[in-house]
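Asker: From first to last, the protein sequence lines are chains A and B. Mapping the first sequence onto numbering that gives the first Met the number 0, position 239 (from 1) lands on 238, and the numbers just tick up by one. Mapping the second sequence onto numbering that gives the first Met the number 0, position 429 (from 1) lands on 428, and the numbers just tick up by one. The C-beta atom is built at its ideal place from N, Cα and C for all residues, glycine as well. The structure's right below; bear with me while I get my questions together.
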Amino acid sequence: MEETVEYAQASGLLGSVWLLVAIPLVSAAILLLLGRRADRWGHWLGVAAIGAAFVLGLTYFFQLSGLENKSVEQNLWQFISVGDFKVDFGLLFDPLAAVFVLLITGVGFLIHLYAVEYMAHDEGRRRFFAYFNLFVAAMLLLVLGNNYVMLYFGWEGVGLASYLLISFWYGRPSAATAGKKAFLMNRVGDAGLAIGIFVMFATLGTTQYDEVFNGVGSLTATTVLVLGLLLLLGATGKSGQFPLQAWLPDAMEGPTPVSALIHAATMVTAGVYLIARSNPIFSANHTLQLVVVSVGAVTLLMGCLIGAAKDDIKRVLAWSTVSQIGYMFLGVGLGGAAYALAIVHLLAHGFFKANMFLGAGSVMHGMNDQVDIRRFGNLSKYMKVTWLTFMMGWLAIIGMFPFSGFFSKEPIIVAAFEREGWTAWLFGGAALLGAGLTAFYMTRLFVLTFHGPARWTEDIEHPHESPKLMTIPLILLAIGSVAAGFLLATSVPDWLQATGGLGGQEEGHEAVLAHWLITVLSLLVTVLGAGLAWMLFRDGTATEPQPAGVLVTAARRNLYTDAFNEAVFEKPGVFLTRALVYLDNRGIDGLVNGLAAAVGGGSGRLRRLQTGFVRSYATSILTGALLVVAAFLAVQAGWLA
Amino acid sequence: MSNFPFLSVLTVAPLVGALIVALLPRRRPELAKQVAFGWSLLVLALSVIMWITFQANGDRFQFRESYPWIPNWGVNFTFATDGIALVMLMLIAVLVPLVILASWHDAESSKRSVPVYFALLLILECTMIGVFAAADVFLFYVFFEVMLVPMYFLIGSYGGHQRQYAAVKFFLYSLVGGLFMLAAVIGLWVVGGKTFDWQALSQVDISTGTERWLFLGFFLAFAIKAPFFPFHTWLPDAGGAAPAGAAALLVGVLDKVGTFGILRYCLPLFPEASKWFAPWALALGLIGIIYAALLAVGQNDLKRLVSYTSIAHFGFIGVGIFAFTTQAGTGAVLYMLNHGLATGLLFLVVGMLIARRGSALISDFGGAGKLVPLLAGVLFFAGLASLALPGTAPFISEFLVLIGTFTTNKPVAVIATVGIILAAAYVLWMIQRTTQGTLNPALTESDGMRRDLSLREKVVVAPLIALIVLLGFYPKPVTDVINPAVRATMQDVGRTDPAPTVGSVQEAAK
């Protein structure tokens, strides 16, 4: 039963895997250090670096597929070595990492291309590409590390890059605040991940993947549970899952390509990666898996509910990301064969979500940066390419046959129904309900944007389609949205077999419903949700906020999660800081100054004893001398012994 | 080369330089600056040679020299350095030239003599080197106290708002701590057989009660110097009032004498007492981490804010020392170095901002990134180093402290980890209020804010940034020097690292 994880040493071409991280990193450094001198060509350097990384990634991918042991590692240099704590700056290239590398660089390249045009009129374009490439470098390090410290290194690097990109327009207070919020909430998760690493070292004496995974069997169930929960805390932070989801929608303050790259296609998938990578830990404890599944289910429903109530095109997409990643968490939480399903969905999502975010950017580009879907409508006539490509993304995300979402999401729903007992109904039902809700709110988004009557603001006369440099990435991503699911659904699980622990040989239970029935049901709820939304919104909607019931009001306010955070953390935090500042100045420092004043006062009084009269000094001397003599006598006599 | 009297020469050299600079005519300030800068570069060069000559795997103490001073009392000029002191000496040698360069125009605004300012910086360097190089307890004490004098004048004569109050408070507070230490030093001399030699004293057996009192005497002085909660209130005043360069040295180096003293004197000389008091020391460190971080969030004065962040960082160092593992100990020493680089940089950059704006109040800034993008970028980098982001040197030290502490004391490590979230809060909020958001109209009217970093300022910050990044990716040259010294210190205390609870996987495989 227990399989040991073994990695081979990288050799030949694979010995240069480090270039994947180095190329984007160096390009970012060049762009930052050269400053304005690189303004004219900087963006092309950024694109070229990611293009090169993608080509390299493909080459390595094919190299790897020809190997017997598909997990090769490379230790570059000794990073930390103190006592028994030894960490190498080491990389691991295996099927899981390879898949992520291709997603990050492939989709990343298309988004880069798009951004060249999208950011053409922004004076900070060079800086933008520097941050973009810094992000790619950090993300690649995250997925390529061969130990948890390397992962943490990339993990925090990703946090930094996303902070820089979210608050890219730092002159806007809202952008600066959103960036800070993202970094802080991520740091909460990071702290969990860090403590998880401490636990590994304290119990197993190592942070290397292979050694940790091989040692999981010797840990107590409690340790595994604690360790897993800590890793999960990290994962929820980076992936915008409950309870650390609040930063993700605010992150839409960044330029749209940022939303596509970071908050849809790559960064938010880091949590899924962490759990998939750590599958030997998560598979070892059923309670732990139950927690992961619950987080996934709660978040996917939460994302749907809130997404249905939002009117900002990017925020709807952001909440849909939260929700779709909930599906992935559901998948990795189910364990066994579902790990691979989650990765398939992650890849498919990478395509269709990038597609739709860039589509949204294209719409905004043509509509004077308008983001309110109540102010769109009838754009299918004016932006044909954007409309058609967005349609592919829309059909994919709602899981319509034969688009990619169907092949990637439906198996996760089936897997949820394969759980034991009543939990099958609970989580299967949640996944199914989520599918219906997704169809509803995404159709609402699609119809309000592209169909129905035009409800534009007065400054817009004739919306224009975006230039080629933006539409070509859209078309390529749309092709991916159509085909990826079908192509990936069987090939990726096979490919991932070779990754330690992702074999999925462990068969789940019999589903509580027949497989075909679940398929029919999920298609049915999708059609129902989509049809209902089409009926409701085909004639447009009011352009002003409408009074709403309890549920919709709650959803508009993010189910009061922000209010909760504010009431429980922010306000008491601010109060505490103020109180402490007061305490420190008046209390502790007051004590010090009070002491000083007392000493000062005391010495003032003492000074009066220095009368200058020899007779009083003589008296003092005499008294002192008598005391000393008395003391000596006392000691001699043994009174004080 | 190993016979060269590095330590005494390094101690005396800055003093000679200071005399030369002080004797230069007052109306030739430029010459004074150049001589001071050149002289500090010479000291740096000599320190680099010493660093190269030092054998990481050799004796614990190297470059030992001893000359009689007061034979009747057994007082000697004894110098020696272990890996811990060596790292601190290197930090001083690197920081002082940069501080001199950064302070180029700082003394001009005051009515005092410019040459004297730079002479004071060199005297300060002399006393700082001496305090780390001393291997005689009395000599250490003398440097420990004398060190206050140049800093007192730097703050009191050349400082900003409330400088007199801050200088006197700094001086008195340190002096009080010093008196406790003096009492303990004399006590040690009595029980230790009338010698002040560190080597000899470390062999002496002391009765439990006496050991605890002596420990307390030393610890109190060091806790004030470091400073640990609740003895910290002098630092924000001193750091806030001192000129930025002096503040960088104050927080970057001077305060490290406290934590260094604990490692060199408290732990090896009073091992049993150190263990007995460890829970209390850990508690103080922990309170410092959380309390000072929260206070840093609430500050509206840039220099006071940086001072509070330092108190939080000293909390980490304190926790690292009293966790008694090689990881935490090495992390603590590395932290002392990295904090010197990172907070040194932060203080210098903040100083550049304040010099331009003419105000240290955060509320007087806002949106400064638009006007001085490069300066804002460097400030942000220094902030990242301060919050210990991976890729910057402080990450490694903080991580080592936490992971090393976790193996012996899980609750302490977990609570301390909360500090990394708070660190992000105070850094990012400070960044947001100064460089981001809407541009404060008053900034555009201030002349200084139209100039981004000058060449001189770039030369100041570049080496620090380079060192922080380099040590963030490859700390091995430094950890290899620190590690043996820390291991020896832990042996003095009689603690070994706990084995992994489940047993190391590598060993199981064997």
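In chain B, which residues lie with their C-beta within 7 Å of the C-beta of Ser166 of chain A?
Answerer: The contacting residues are Gln435.
Asker: Hey, how far is the Cα of Val290 of chain A from the Cα of Gly332 of chain A?
Answerer: So the alpha carbons of these two residues sit roughly 8 Å apart.
Asker: With distance defined between alpha-carbon atoms, name the residue in A:Phe197, A:Gly365, A:Ala269 and A:Leu140 nearest to Asn185 of chain A.
Answerer: Minimum Cα distance to Asn185 of chain A is reached at A:Ala269.
Asker: Straight-line CA distance for Phe695 of chain A to Thr433 of chain B?
Answerer: Chain A is shown only over 0 to 640; residue 695 of chain A falls outside these bounds and no answer can be derived.
Asker: For the alpha helix (DSSP H) holding Asp189 of chain A, just list the boundary residues, first then last.
Answerer: Per DSSP, Asp189 of chain A belongs to the alpha helix (DSSP H) from Pro172 to Leu203.
Asker: Per DSSP, Trp515 of chain A forms a beta bridge with which residues?
Answerer: DSSP, once it has assigned bridges, lists no residue as partnering Trp515 of chain A.
Asker: What do you get for Gln504 of chain A, buried or exposed, if any count of 16 or more other CB atoms within 10 angstroms of its CB means buried?
Answerer: Because Gln504 of chain A carries a pLDDT of 49, less than 50, the predicted location of this residue cannot be relied on, and no value is offered for it.
Asker: Measuring straight from C-alpha to C-alpha, what distance separates Ile196 of chain A and Val413 of chain B?
Answerer: Approximately 12 Å between the Cα atoms of the pair.
Asker: Indicate whether at least one CB of chain B lies closer than 8 Å to the CB of Tyr130 of chain A.
Answerer: No, Tyr130 of chain A does not count as interfacial toward chain B.
Asker: Could you tell me the distance, in whole angstroms, from the CA atom of Ala174 of chain A to the CA atom of Phe167 of chain A?
Answerer: Straight-line Cα distance between these residues: approximately 7 Å.
Asker: Assuming Phe200 of chain A contacts Phe84 of chain A (C-beta within less than 8 Å), just tell me the rounded distance between them.
Answerer: Indeed, because the Cβ distance is near 6 Å, the residues count as touching under 8 Å.
Asker: Give a yes or no on whether the minimum CB-CB distance between Pro172 of chain A and chain E is below 8 Å.
Answerer: The structure shown contains no chain E; the protein chains it does contain are A and B.
Asker: Per DSSP, what kind of secondary structure is Asp196 of chain B in: helix, strand or coil?
Answerer: The answer is strand: DSSP assigns Asp196 of chain B an E or B state.
Asker: Counting only C-beta atoms, is Lys369 of chain B closer than 8 Å to chain A at any point?
Answerer: Chain A contact via Cβ: present.
Asker: If Val400 of chain B and Phe315 of chain B are in contact, beta carbons under 8 Å, what's the gap, nearest whole angstrom?
Answerer: Yes, they are in contact, since the Cβ atoms of Val400 of chain B and Phe315 of chain B sit about 5 Å apart, within 8 Å.
Asker: How about Ala488 of chain A and Ser407 of chain A: do their beta carbons lie closer than 8 Å?
Answerer: In contact: Ala488 of chain A and Ser407 of chain A (Cβ atoms closer than 8 Å).
Asker: Leaving out five residues before and five after Ala17 of chain B in sequence, what residues of the same chain have Cβ atoms less than 6 Å from its Cβ?
Answerer: Answer for Ala17 of chain B: Ala118, Leu121 and Ile122, listed in chain order.
Asker: Determine whether the Cβ of Gln490 of chain B lies closer than 8 Å to any Cβ atom of chain A.
Answerer: No - not a single Cβ of chain A is within 8 Å of the one on Gln490 of chain B.
Asker: In the DSSP assignment, find the unbroken alpha helix (DSSP H) run with Gly350 of chain B in it and report its ends.
Answerer: Gly350 of chain B -> alpha helix (DSSP H) spans Thr325 to Arg356.
Asker: Quick check on this structure: which residue in B:Pro226, B:Met87, B:Leu333 and B:Leu370 has the alpha carbon closest to the alpha carbon of Gly471 of chain B?
Answerer: When each option's Cα is compared against that of Gly471 of chain B, the closest is B:Leu333.
Asker: Give the C-beta separation of Val480 of chain B and Ala222 of chain B to the nearest angstrom, bearing in mind that I take them to be a contact with Cβ-Cβ under 8 Å.
Answerer: In fact, because the Cβ distance is near 26 Å, the residues do not count as touching under 8 Å.
Asker: Please name the residues in the segment 252 to 277 of chain A whose beta-carbon is closer than 7 Å to at least one beta-carbon of chain B, in chain order.
Answerer: Flagged: no residues at all.
Asker: Of the residues B:Lys457, B:Leu386, B:Ala247 and B:Glu64, which one's Cα is nearest the Cα of Ala424 of chain B?
Answerer: Of the listed residues, the one whose Cα sits closest to Ala424 of chain B is B:Leu386.
Asker: For Asn74 of chain A, which residues does DSSP report across the bridge?
Answerer: Asn74 of chain A pairs with A:Gly89.
Asker: With 8 Å as the threshold, decide whether the Cβ of Gly390 of chain B is near any Cβ in chain A.
Answerer: So yes, Gly390 of chain B belongs to the interface.
Asker: Does chain A have any CB closer than 8 Å to the CB of Trp103 of chain B?
Answerer: So, not an interface residue.
Asker: Is Gly82 of chain B close to chain A, meaning its C-beta is less than 8 Å from at least one C-beta of that chain?
Answerer: Not an interface residue.
Asker: Does the beta-carbon of Asn284 of chain A have 16 or more other beta-carbons within 10 angstroms, so that it is buried, or is it exposed?
Answerer: Result: buried.
Asker: Measuring only the C-alpha atoms, how far is Pro248 of chain A from Ile397 of chain A?
Answerer: For Pro248 of chain A and Ile397 of chain A, the distance between alpha carbons rounds to 20 Å.
Asker: Grab me the residues of Ala84 of chain B's own chain with a C-beta within less than 6 Å of its C-beta, minus the 5 sequence neighbours each way, in chain order.
Answerer: Same-chain partners within the cutoff: Phe131.
Asker: Short check: CB of Thr126 of chain B to CB of Val98 of chain B, under 8 Å?
Answerer: Cβ distance not < 8 Å, so Thr126 of chain B and Val98 of chain B don't count as in contact.
Asker: Please report whether the beta-carbon of Lys274 of chain B lies at a distance below 8 Å from any beta-carbon of chain A.
Answerer: By this cut-off, Lys274 of chain B is not an interface position.
Asker: Per DSSP, what are the beta-bridge partners of Tyr66 of chain B in this structure?
Answerer: DSSP, once it has assigned bridges, lists B:Phe76 as partnering Tyr66 of chain B.
Asker: Please work out which residues of its chain come closer than 6 Å, Cβ to Cβ, to Ala136 of chain A, disregarding the five sequence neighbours upstream and downstream, and give them in chain order.
Answerer: These residues qualify, in order along the chain: Val20, Pro23 and Leu24.
Asker: Per DSSP, which one or two residues make a beta bridge with Ile79 of chain A?
Answerer: The partner list for Ile79 of chain A (beta bridge, DSSP) reads A:Val86.
Asker: Leaving out the 5 sequence neighbours to the left and right, which residues in its chain are closer than 6 Å to Leu510 of chain B when beta-carbon positions are compared?
Answerer: Not covered by the structure: residue 510 of chain B. The range shown for chain B is 0 to 509.
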